[in-house]
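**Student:** Numbering (the working numbering), first residue to last: 2 to 686.
One structure coming up, written as structure tokens, with questions to follow.
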Amino acid sequence: MNRVLVVEDDEAIRANVTRLLRLEGYEVLAAPDGTTGLAVLREQRPDLVVSDIGMPGLDGFALLEAIRGDPALAATPVLLLTALDDRASMRRGMTAGADDYLAKPFTRIELLDALGGLQRKSQRLRQGVEQAIGAREAQLRHGFTETLAGRVPAGPPGPRLPDGAVPEATLPGVVLAVQIRDFTALAERLQAAEVAELLTVWGERAGAALLQRGGAHLTFAGEHLLSVFPETAGAGSGMAARAAVAAALSVRAAAQGLGDWIGHRFAQRAMPRVEVGAGLHRGTVTLHRIDGPGGELVLEGEPVRLASALPSAGMRRGWAVVASRAVLEAAGLDAAGATWLDLAGVRVEAAQVADGDSLADEGAPPAAAAAVLPRAALRANAEMTARAVKGALQSRLATLKAHAFAPGQEPPRLRGYRLTRKIGTGGMTDVYLAQRDADGLEVVLKVLEASGDSATPHLSRFIQEYALLSRIDHPHVVRIHDQGFTDDHAYIAMEYFPLGDLRAELAGALPQRRALEVLAQVARALDAIHGLGVVHRDLKPENIMRRADGSVALADFGIAKSLLDDESLALTKTRHGEVVGTPYYLSPEQASGQAVTPASDLYSLGVTLYEMLTGERPYRAESLELLLARHLAAPVPRLPEAHAAVQPVLDRLMAKSPADRFADAASLLEALQARALLSEPTSSA
Numbered sequence: 002m003n004r005v006l007v008v009e010d011d012e013a014i015r016a017n018v019t020r021l022l023r024l025e026g027y028e029v030l031a032a033p034d035g036t037t038g039l040a041v042l043r044e045q046r047p048d049l050v051v052s053d054i055g056m057p058g059l060d061g062f063a064l065l066e067a068i069r070g071d072p073a074l075a076a077t078p079v080l081l082l083t084a085l086d087d088r089a090s091m092r093r094g095m096t097a098g099a100d101d102y103l104a105k106p107f108t109r110i111e112l113l114d115a116l117g118g119l120q121r122k123s124q125r126l127r128q129g130v131e132q133a134i135g136a137r138e139a140q141l142r143h144g145f146t147e148t149l150a151g152r153v154p155a156g157p158p159g160p161r162l163p164d165g166a167v168p169e170a171t172l173p174g175v176v177l178a179v180q181i182r183d184f185t186a187l188a189e190r191l192q193a194a195e196v197a198e199l200l201t202v203w204g205e206r207a208g209a210a211l212l213q214r215g216g217a218h219l220t221f222a223g224e225h226l227l228s229v230f231p232e233t234a235g236a237g238s239g240m241a242a243r244a245a246v247a248a249a250l251s252v253r254a255a256a257q258g259l260g261d262w263i264g265h266r267f268a269q270r271a272m273p274r275v276e277v278g279a280g281l282h283r284g285t286v287t288l289h290r291i292d293g294p295g296g297e298l299v300l301e302g303e304p305v306r307l308a309s310a311l312p313s314a315g316m317r318r319g320w321a322v323v324a325s326r327a328v329l330e331a332a333g334l335d336a337a338g339a340t341w342l343d344l345a346g347v348r349v350e351a352a353q354v355a356d357g358d359s360l361a362d363e364g365a366p367p368a369a370a371a372a373v374l375p376r377a378a379l380r381a382n383a384e385m386t387a388r389a390v391k392g393a394l395q396s397r398l399a400t401l402k403a404h405a406f407a408p409g410q411e412p413p414r415l416r417g418y419r420l421t422r423k424i425g426t427g428g429m430t431d432v433y434l435a436q437r438d439a440d441g442l443e444v445v446l447k448v449l450e451a452s453g454d455s456a457t458p459h460l461s462r463f464i465q466e467y468a469l470l471s472r473i474d475h476p477h478v479v480r481i482h483d484q485g486f487t488d489d490h491a492y493i494a495m496e497y498f499p500l501g502d503l504r505a506e507l508a509g510a511l512p513q514r515r516a517l518e519v520l521a522q523v524a525r526a527l528d529a530i531h532g533l534g535v536v537h538r539d540l541k542p543e544n545i546m547r548r549a550d551g552s553v554a555l556a557d558f559g560i561a562k563s564l565l566d567d568e569s570l571a572l573t574k575t576r577h578g579e580v581v582g583t584p585y586y587l588s589p590e591q592a593s594g595q596a597v598t599p600a601s602d603l604y605s606l607g608v609t610l611y612e613m614l615t616g617e618r619p620y621r622a623e624s625l626e627l628l629l630a631r632h633l634a635a636p637v638p639r640l641p642e643a644h645a646a647v648q649p650v651l652d653r654l655m656a657k658s659p660a661d662r663f664a665d666a667a668s669l670l671e672a673l674q675a676r677a678l679l680s681e682p683t684s685s686a
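This is the structure:
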């Protein structure tokens, strides 16, 4: 706080104060009257204002009111100067929000002591605010960590008041708490900046709906939004209660708009459906100012705590909007169906408010137009929440990787999944068998730790696999259930194949009928992904997974490539001339580093067909260079005489030129059926 604005109409006093402060190392701005001082204040933003009270035009009191009424300036400390015996002015100034007073005449020591006191007070307040913000973020992170670990958090994040927070007022009213349900499921699929963007959009839309209905003192805490509908003298409690219920129903409608926005903004992410819950309770709340005059107001009190707990309690019963009996009766709604709910040890009688309630059509009270959405607090909360939820996920995934799975040890959990054992590890990825809590379904949980710049491509490919598979719903493509990621950790919950991959079945040649069944099912999978403009690029027996019923599914899209110009997928980019894939199954164009097409996957499928029918790979060599050369120039290998009917199909699949292969996977299926090689229909199973 080294920049001081001195506003004083007495030129001699102004010059003396300016000279004294500059000698003490302060940067000083000066103004001869309140009007000029306010202009300098708005342009230069000094750290502190020293202003005389008695000035022509805009006097010190009016200047103070203008400062406190401007959100951008309201937190600026103000020291007023007055005559020694002017006690009435002193009381008036302190009531208006002055931070300190100094009586004229004053000495150098008195002025410096006053400024020093304001500096220390401001520093303590800033430290308290920083500690409160840190505590709030830690509380949010702990709550998200509990959710990710499969535990129910103790309750929604409450206010964290710093030392020096001032109880500004108490008022009776109806508290409305709004919560995005299963927020972690949304946040897991987004980057931190995208989480903050989502919360900002939601806060603006939901906040506007509340303000339009008469809500006041909006407070943001993670995915929670609080507002109070004051019960004003003479208006009775009914108006506030009806306005609050109408606001809750309006926010539910706003959630539909948020879902539409998410679907458009993150169209390729397969985002879960957005659900919002609301809770209402009546009582007297306390308003605290947490960072000085003009700073953020925080709601505190029993009604706040109970209203905040109602959405989660309602969710367990399938209720969207939950109101306590006190609110229902005040609003004139039927409370006959109210039941007792346990809210963290406190029992509250409450009931569901139907979406179609007539209160949703009520107009807003006239005072609502004066309310202002606290955008600075909204943005700060959005950024803090994004850090907290992504930090919680990163910590949780790191904990999973360190788990020993010792006998008798409690299995770790990850948001709806219970990990039972580790079934594989390799490079940066650990693979676990897990059970889904909802239905006991066994799934594979792949957890990646990719720290450092060199690991970025691995993380991108890991995330890409979900982005691709989330777009595909096909019985012969591996099913993906969930995904989450941070800056250097990620996980995918996907279909579990207890029989393993096709390689486990290739101890020797397969019966022709089985080989053709697998060929047809993989062709159907390719037809589906090629229809979306995606080339697998690494088709091989290890990426063809077997189910207990004999069907197979194409898996491992980690190096798949989109043929579409779709930046939203952030797919793997490859340079011209780069060889990608497994050498034994590479198409000639992949072997020479040329552009891949759907025909490239058909070539790899042909190599796999040959191996299924013979138990051997078509080309072998002593070096990678020779192996690639054989893909480029060696003739298509001949099948045993028993499989002569399949040779024309293999010849087209493994043709050196993509133009000589089947036009697409559907054409392959037609050829199989035309040659009576396909015993099952060509439609998807």
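Heads up, the beta-carbon is just placed ideally off N, CA and C, and yes, glycines get one too.
1) Round the Cβ separation of Arg1 and Gly260 to the nearest angstrom and send it over; I've been treating them as touching at under 8 Å.
2) In the DSSP assignment, find the beta strand (DSSP E) that holds Asp440 and state where it starts and stops.
3) Identify, in the order they occur along the chain, each residue of the same chain with its Cβ nearer than 8 Å to the Cβ of Gly258, setting aside the five sequence neighbours on each side.
4) Kindly indicate which residue of Ala554, Arg43, Ala170, Leu614 has the alpha-carbon position closest to the one of His477.
5) Could you check if Ser624 is buried or exposed, using at least 16 other CB atoms within 10 Å of its CB as the buried criterion?
6) On the three-state DSSP scale, how would you describe Arg376?
7) Contact check, Gly264 vs Met272 under 8 Å by CB: the rounded distance?
8) Output needed for Asp661: all residues of its chain with C-beta closer than 8 Å, excluding positions within five of it in sequence on either side, in chain order.
9) Tell me the DSSP secondary structure of Ile481 in three-state form.
10) I'd like to check one pair, Gly278 with Gln180: are the Cβ atoms closer than 8 Å?
11) Are the beta-carbon atoms belonging to Val229 and Val322 less than 8 Å from one another?
12) Can you check DSSP and say which residues form a bridge with His490?
13) Just list the beta strand (DSSP E) runs in the segment 310 to 358, keeping only unbroken ones of 3 residues or longer that don't cross its boundaries, in chain order.
14) Just how far apart, CA to CA, sit Asp489 and Asp71?
15) Is the beta carbon of Leu119 closer than 8 Å to that of Pro78?
16) List the whole-angstrom C-beta distance separating Leu64 from Leu6, where the pair is believed to meet the contact cut-off of C-beta under 8 Å.
17) What residues in its chain sit with their C-beta under 8 Å from that of Ala1, if we drop five residues either side in the sequence?
18) When you compare only the Cα positions, how much space is there between Arg190 and Leu199?
19) Can you tell me where the beta strand (DSSP E) holding Leu524 begins and where it ends?
20) When you compare the CB positions of Ala249 and Val354, do they come within less than 8 Å of one another, or not?
21) State the start and end residues of the unbroken beta strand (DSSP E) segment that holds Tyr418.
22) Quick one: is Trp341 buried, meaning 16 or more other Cβ sit within 10 Å of its Cβ, or exposed?
23) Does the Cβ-Cβ distance between Pro398 and Val444 come in under 8 Å?
24) Taking the DSSP output, what are the residues bridged to His289?
25) When we look at the beta-carbon of Thr430 and count the other beta-carbons within 10 Å, is it buried (16 or more) or exposed?
26) Between Tyr585 and Glu276, what straight-line distance do the alpha-carbon atoms span, to the nearest angstrom?
27) To the nearest angstrom, how far is the alpha carbon of Glu518 from that of Leu610?
28) When you compare only the Cα positions, how much space is there between Asn17 and Asp11?
29) Just to confirm my understanding: we take Ala592, look at its own chain, exclude 5 residues before and 5 after, and list those with CB closer than 6 Å. What are they?
30) DSSP on Leu281, reduced to helix/strand/coil?
31) Excluding five sequence neighbours on each side, which residues of the same chain lie with their C-beta closer than 7 Å to the C-beta of Thr185?
32) What are the residues that DSSP puts in a beta bridge with Ile181?
33) Which of helix, strand or coil does DSSP assign to His644?
34) Which residues in the same chain have their Cβ closer than 8 Å to the Cβ of Gly501, if we skip the five residues on either side of it in sequence?
35) Can you tell me whether Asn382 sits near the ligand FAD, meaning its C-beta is under 7 Å from at least one heavy atom of the ligand?
36) Would DSSP call Lys657 helix, strand or coil?
**Tutor:** This is what the structure holds:
1) Outside the modelled stretch of the chain, which goes from 2 to 686, sits residue 1, for which no answer is possible.
2) Mapped onto the sequence shown, residue 440 falls at position 439. Premise fails: Asp440 is in no beta strand (DSSP E) and is neither H nor E.
3) Walking along the sequence shown from the start, residue 258 turns up at place 257. Cβ neighbours of Gly258 beyond the five flanking positions: Arg206.
4) Within the sequence shown, residue 477 is the residue found at index 476, counting from 1. Per the Cα distances, Ala554.
5) Taking the first residue of the sequence shown as 1, we reach residue 624 at position 623. Per the 10 Å Cβ criterion, exposed.
6) Reading the sequence shown from its first residue, position 375 is the one you call residue 376. Three-state result, Arg376: helix.
7) As a first step, residue 264 must be located in the sequence shown, where it is residue number 263. As a first step, residue 272 must be located in the sequence shown, where it is residue number 271. Contact holds; Cβ gap of about 7 Å.
8) As a working note, residue 661 is residue 660 in the sequence shown. Arg653.
9) Numbered from 1 along the sequence shown, position 480 holds the residue referred to as residue 481. Three-state result, Ile481: strand.
10) Position 179 of the sequence shown, counted from the start, is the residue given in the question as residue 180. Position 277 of the sequence shown, counted from the start, is the residue given in the question as residue 278. Yes. Within cutoff.
11) Translated into positions along the sequence shown, residue 229 becomes position 228. Translated into positions along the sequence shown, residue 322 becomes position 321. Contact: no.
12) The count along the sequence shown starts at 1 and reaches residue 490 at position 489. DSSP lists Glu450 as partners of His490.
13) 322 to 325, 340 to 344, 347 to 353
14) Position 488 of the sequence shown, counted from the start, is the residue given in the question as residue 489. Position 70 of the sequence shown, counted from the start, is the residue given in the question as residue 71. In a straight line, the C-alpha of Asp489 is about 42 Å away from that of Asp71.
15) Residue 78 sits at position 77 when you count from the first residue of the sequence shown. Residue 119 sits at position 118 when you count from the first residue of the sequence shown. Closer than 8 Å, so yes.
16) Here residue 64 refers to the residue found at position 63 when the sequence shown is read from its first residue. Here residue 6 refers to the residue found at position 5 when the sequence shown is read from its first residue. In fact, because the Cβ distance is near 10 Å, the residues do not count as touching under 8 Å.
17) The chain is shown from 2 up to 686; residue 1 falls before or after that span and cannot be answered.
18) As a working note, residue 190 is residue 189 in the sequence shown. As a working note, residue 199 is residue 198 in the sequence shown. Approximately 12 Å between the Cα atoms of the pair.
19) Counting from one through the sequence shown, the residue named residue 524 turns up at place 523. Just to set this straight, residue 524 is Ala in the shown sequence, not Leu. Where Ala524 is concerned, there is no enclosing beta strand (DSSP E), although the alpha helix (DSSP H) it sits in stretches over 513 to 532.
20) The sequence position of residue 249 within the sequence shown is 248, counting from 1. The sequence position of residue 354 within the sequence shown is 353, counting from 1. Contact: yes.
21) Here residue 418 refers to the residue found at position 417 of the sequence shown. Taken as a continuous stretch (DSSP letters only), the beta strand (DSSP E) holding Tyr418 covers 418 to 427.
22) In the sequence shown, residue 341 corresponds to position 340, counting from 1. The residue in question, Trp341, is exposed, as its Cβ has fewer than 16 Cβ neighbours within 10 Å.
23) In the sequence shown, counting from the first residue as 1, residue 398 sits at position 397. In the sequence shown, counting from the first residue as 1, residue 444 sits at position 443. In the sequence as displayed, the identity of residue 398 is Leu instead of Pro. Contact flag unset, no.
24) Position 288 of the sequence shown, counting from 1, holds the residue named residue 289. Its beta-bridge partners are Pro168, Val299.
25) Taking the first residue of the sequence shown as 1, we reach residue 430 at position 429. That one is buried.
26) Stepping through the sequence shown from its first residue, residue 585 is reached at position 584. Stepping through the sequence shown from its first residue, residue 276 is reached at position 275. Roughly 48 Å between the two C-alpha positions.
27) Taking the first residue of the sequence shown as position 1, residue 518 is located at position 517. Taking the first residue of the sequence shown as position 1, residue 610 is located at position 609. One Cα belongs to Glu518, the other to Leu610, and the distance between them is close to 11 Å.
28) Translated into the one-based positions of the sequence shown, residue 17 becomes position 16. Translated into the one-based positions of the sequence shown, residue 11 becomes position 10. Rounded to the nearest angstrom, the two C-alpha atoms are 10 Å apart.
29) Translated into the one-based positions of the sequence shown, residue 592 becomes position 591. Here the set comprises Leu629, His632, Leu633.
30) On the sequence shown, residue 281 is found 280 positions in, with the first residue counted as 1. Three-state DSSP puts Leu281 in a strand.
31) Taking the sequence shown and counting its residues from 1, one reaches residue 185 at position 184. Result list for Thr185: Phe145, Thr148, Leu149, Val390, Arg416, in chain order.
32) Stepping through the sequence shown from its first residue, residue 181 is reached at position 180. Val277, per the DSSP bridge assignment.
33) One-based indexing of the sequence shown puts residue 644 at position 643. Three-state result, His644: helix.
34) By 1-based counting over the sequence shown, the position of residue 501 is 500. Closer than 8 Å at Cβ, skipping near neighbours: Met546, Arg547.
35) In the structure on display, the ligand FAD does not appear, and there are no ligands present to speak of.
36) On the sequence shown, position 656 is the one that residue 657 refers to. The answer is coil: DSSP assigns Lys657 none of H, G, I, E or B.
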